[in-house]
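Protein sequences appear in the order of chains A and B. Every position in the first sequence, counted from 1, becomes a number in this note's numbering once 11 is added. Every position in the second sequence, counted from 1, becomes a number in this note's numbering once 11 is added.
Protein chains: 2
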Amino acid sequence: METKDVVTALAALAQDSRLAIFRSLVQAGPAGLAAGRISELTGIPPSSLSFHLKELSHAGMVDSQPSGRFVIYTANFTTMNALLGFLTENCCGGNPCSPVCTPACEPEQSRATEKEPT
Amino acid sequence: METKDVVTALAALAQDSRLAIFRSLVQAGPAGLAAGRISELTGIPPSSLSFHLKELSHAGMVDSQPSGRFVIYTANFTTMNALLGFLTENCCGGNPCSPVCTPACEPEQSRATEKEPT
DNA sequence: TCCATTTTTCAATAATAGTCGAAATATAGA
DNA sequence: TCTATATTTCGACTATTATTGAAAAATGGA
Numbered sequence: 012m013e014t015k016d017v018v019t020a021l022a023a024l025a026q027d028s029r030l031a032i033f034r035s036l037v038q039a040g041p042a043g044l045a046a047g048r049i050s051e052l053t054g055i056p057p058s059s060l061s062f063h064l065k066e067l068s069h070a071g072m073v074d075s076q077p078s079g080r081f082v083i084y085t086a087n088f089t090t091m092n093a094l095l096g097f098l099t100e101n102c103c104g105g106n107p108c109s110p111v112c113t114p115a116c117e118p119e120q121s122r123a124t125e126k127e128p129t
Numbered sequence: 012m013e014t015k016d017v018v019t020a021l022a023a024l025a026q027d028s029r030l031a032i033f034r035s036l037v038q039a040g041p042a043g044l045a046a047g048r049i050s051e052l053t054g055i056p057p058s059s060l061s062f063h064l065k066e067l068s069h070a071g072m073v074d075s076q077p078s079g080r081f082v083i084y085t086a087n088f089t090t091m092n093a094l095l096g097f098l099t100e101n102c103c104g105g106n107p108c109s110p111v112c113t114p115a116c117e118p119e120q121s122r123a124t125e126k127e128p129t
């Protein structure tokens with residue numbers, strides 16, 4: 012995943028309405044939700060919702076599929092996993108993330124003396 | 012981690028300059044980098060850099076520590092992990108989602124899988 | 001104190017993002 | 001075809017974010 016796409020994906024989720032939309036879709040699972048149902052669940056008016064769904068879609072975070080008069084939206088787990096993979100590598104700096112993922116991150120004063128990992 | 016904080020953290024990273032800054036700091040490890048060094052590495056002019064560092068700091072993604080005439084910035088791995096935890100739960104919808112951390116992040120023994128009190 | 005160095009704040013501007021009612025589009029069924 | 005339903009687009013507006021030179025603030029050392 013290129014950083015350009017990462018920024019786009021992050022920006023897609025970095026907004027109250029869109030994060031709520033995405034969470035609804037994740038919770039709904041592979042069956043997804045119709046746009047109107049998302050509007051009901053989140054309280055976002057249809058026109059605003061459409062705007063945000065387009066953002067999410069453009070970022071690859073959701074897919075859509077017409078179904079009769081409805082449009083079913085689903086969370087794109089592949090993109091989400093790619094995003095998490097990128098962030099994890101960034102978080103871990105390419106090293107095994109033991110110093111990161113253990114609760115040993117709190118000492119603030121005495122870690123400037125540690126040497127940089129390879 | 013509350014969704015408000017998640018949105019703030021995501022927004023902090025959802026920008027070219029800030030993602031570059033954060034990656035530099037992750038790569039630098041716990042020793043961190045002086046502001047001027049970040050400016051050199053990223054090519055971001057000092058005033059812009061200061062703006063973005065403040066954003067990152069406000070989001071809890073970086074910490075700073077004066078050191079003489081320098082200000083040393085470090086990535087806040089705790090926040091980053093909390094963010095990844097939230098996103099992983101969102102991505103997985105409460106189900107196991109092993110493919111996220113497989114490549115480089117294999118824990119050697121026991122990783123503290125901290126749960127938030129929500 | 002005075003100076004060089006480092007970083008932040010200020011200020012003005014440019015660019016992008018968010019909101020939502022109303023109109024337009026598309027579809028299914030009668 | 002006509003109508004009700006579902007969704008998107010349009011348009012006008014507001015709000016937020018990003019950029020950066022110049023000035024200011026803070027520090028260590030001569």
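Note that the Cβ used here is the ideal one computed from N, Cα and C, for glycine as well. Please read these numbers as outputs of a predicted model, since none were measured by experiment.
Where residue i falls: helix, strand or coil (DSSP)
i	result
MET38(A)	In the sequence as presented, Met is not what sits at residue 38(A); that position holds Gln. Reduced to three states, the DSSP call for GLN38(A) is helix.
HIS69(A)	helix
ALA23(B)	helix
GLU13(B)	coil
HIS32(B)	In the sequence on display, residue 32(B) carries Ile and not His. Residue state, collapsed to three classes: helix.
GLY96(A)	helix
PRO56(B)	coil
VAL18(A)	helix
ASN106(A)	Residue placement at ASN106(A) cannot be trusted, given a pLDDT of 46 that sits under 50; what the coordinates show is reported in the next sentence. Of the three classes helix, strand and coil, the one that applies to ASN106(A) here is coil, per DSSP.
Which residues DSSP lists as bridging residue i, in chain order
i	result
GLN76(B)	ILE83(B)
ALA45(A)	ILE83(A)
Neighbour list for residue i in chain B, Cβ cutoff strictly below 8 Å
i	result
VAL73(A)	Simply none; closest approach about 13 Å.
Partners in chain A for residue i, counting only beta-carbon separations shorter than 9 Å
i	result
ASP27(B)	THR14, LYS15 and VAL18
Listed by chain order, chain A residues near residue i by CB distance under 7 Å
i	result
LEU21(B)	LEU21, LEU24 and ALA25
Proximal chain B residues relative to residue i, where beta-carbon distance stays under 9 Å
i	result
VAL82(A)	Within chain B, no residue comes near VAL82(A); the closest Cβ sits about 21 Å away, beyond 9 Å.
LEU30(A)	THR14, VAL17, VAL18, LEU21 and ASN101
Closer than 8 Å is the cut-off here; do at least three beta carbon pairs connect the stretch 83-103 of chain A with the stretch 30-40 of chain A? yes
Tell me whether the stretch 26-35 of chain A and the stretch 14-25 of chain B touch, counting them as touching only if at least three CB pairs, one residue from each stretch, are closer than 8 Å. yes
Would you call the stretch 17-26 of chain B and the stretch 66-83 of chain B in contact, with 3 or more CB pairs under 8 Å? yes
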